[in-house]
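Here's the structure we're looking at; comments come further down.
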Amino acid sequence: IEKSATYEDIKAVIKEAANGELKGILSYTEDEIVSTDLIGDNNSSIFDAKA
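Numbering (the numbering used here), first residue to last: 5 to 55.
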């Protein structure tokens, strides 16, 4: 790692990827969710920003 990153920086990069090149593979959410909310989600990975 060449420079430090804030959690906000990390979230922004992940959100951009989820809406771009990784759409359909990576999902990003800032919603209040529980595990049952993810049933039926077809993405391989879900980034829960509030977890």
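Every residue gets a Cβ at the ideal spot worked out from N, C-alpha and C, and that includes glycine.
Alpha-carbon to alpha-carbon, ILE43 and THR10
When rounded, the distance between both Cα atoms is 30 angstroms.
State the DSSP-derived secondary structure class of SER49, mapped to helix, strand or coil.
SER49: strand per DSSP, three-state reduction.
Tell whether a beta-carbon distance below 8 angstroms holds between THR33 and ALA16.
No; because the gap between Cβ atoms is not below 8 angstroms, this pair is not in contact.
Should ILE29 and ASN47 be called a contact, given that it needs their Cβ atoms to be closer than 8 angstroms?
Between ILE29 and ASN47, the C-beta gap is smaller than 8 angstroms, which places the two residues in contact.
Can you give the Cα-Cα distance for GLY24 and ILE50, rounded to whole angstroms?
The alpha-carbon atoms of GLY24 and ILE50 are separated by roughly 14 angstroms.
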